[in-house]
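Numbering (this note's numbering), first residue to last: 2 to 212.
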């Protein structure tokens with residue numbers, strides 16, 4: 002879906018190459034994540050209807066461009082991305098009049114920043130980004146990131162408790178809510194088995210209270 006859609010817009014190939022080079026192949030927050038989010042955002046857009054596809058696609062591609070600079074700049078990656086996006090989009094030949102809509106979506110996409118999405122396009126990006134954090138891919142991402150941060154099993158399980166199991170209730174659009182319910186059920190099934198096998202069920206019984 003992404004490749005076919007991207008081929009319709011002259012700016013998209015250039016922008017994709019810039020993002021791929023900037024973010025690399027990290028499966029958690031790199032270009033593979035961007036591709037998954039873009040695919041989800043396009044799918045939701047087509048189910049919802051009445052969406053500016055160019056804005057959704059561009060926002061999905063640039064939404065994490067600020068991540069590599071968080072430590073250096075001491076700011077949230079969504080805020081950095083909102084600052085960087087206009088210049089990157091202009092160089093790629095993206096329509097000038099639509100840049101503010103992309104910036105709004107980038108600024109509002111993040112769970113941790115807590116900004117409220119206003120436009121439909123911003124809501125779709127927020128939904129798509131959160132969907133990639135749950136389900137089977139979300140489980141894999143959580144344990145990869147947990148290992149990088151030295152969280153261990155228990156710290157990663159706390160991440161499920163504090164964030165991932167809450168995401169299904171933060172979806173804006175009906176298609177995303179349906180997808181989130183399915184992915185949430187998978188996470189609960191995985192966690193139940195994981196907790197039994199590791200002997201941690203008694204310590205994290207509250208995880209099984211999530212429905």
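We put the beta carbon where it would ideally sit given N, CA and C, even for glycine.
Note that the structure is predicted; figures quoted are calculated from it, not measured.
Inset, instruction - Kindly indicate which three-state DSSP category residue 64 falls into: helix, strand or coil? - result: Of the three classes helix, strand and coil, the one that applies to residue 64 here is coil, per DSSP.
Legend entry - For residue 96 and residue 76, the rounded distance between their alpha carbons: 27 Å
Inset, instruction - Might you give, ordered along the chain, the residues of its own chain that have their beta carbon closer than 8 Å to the beta carbon of residue 165, omitting 5 neighbours on each side? - result: For residue 165, the CB contacts under 8 Å within the same chain, skipping 5 residues up- and downstream, are 134, 135, 139, 143, 188 in chain order.
Legend entry - Through-space distance from residue 153 to residue 199, alpha-carbon basis: 12 Å
Inset, instruction - Starting from the C-beta of residue 161, find all residues in its chain whose C-beta is less than 8 Å away, skip the five residues before and the five after it, and write them out in chain order. - result: 143, 188, 192, 208
Inset, instruction - Along the alpha helix (DSSP H) that carries residue 53, what are the first and last residues, could you check? - result: Counting along the chain, residue 53 falls outside any alpha helix (DSSP H), and DSSP gives it neither H nor E.
Inset, instruction - Find out if the Cβ-Cβ distance for the pair residue 63, residue 43 is shorter than 9 Å. - result: no
Inset, instruction - Starting from the C-beta of residue 202, find all residues in its chain whose C-beta is less than 6 Å away, skip the five residues before and the five after it, and write them out in chain order. - result: 196
Legend entry - For residue 81, the first and last residue of its enclosing alpha helix (DSSP H): 78-93
Inset, instruction - With DSSP as the reference, label residue 29 as helix, strand or coil. - result: coil
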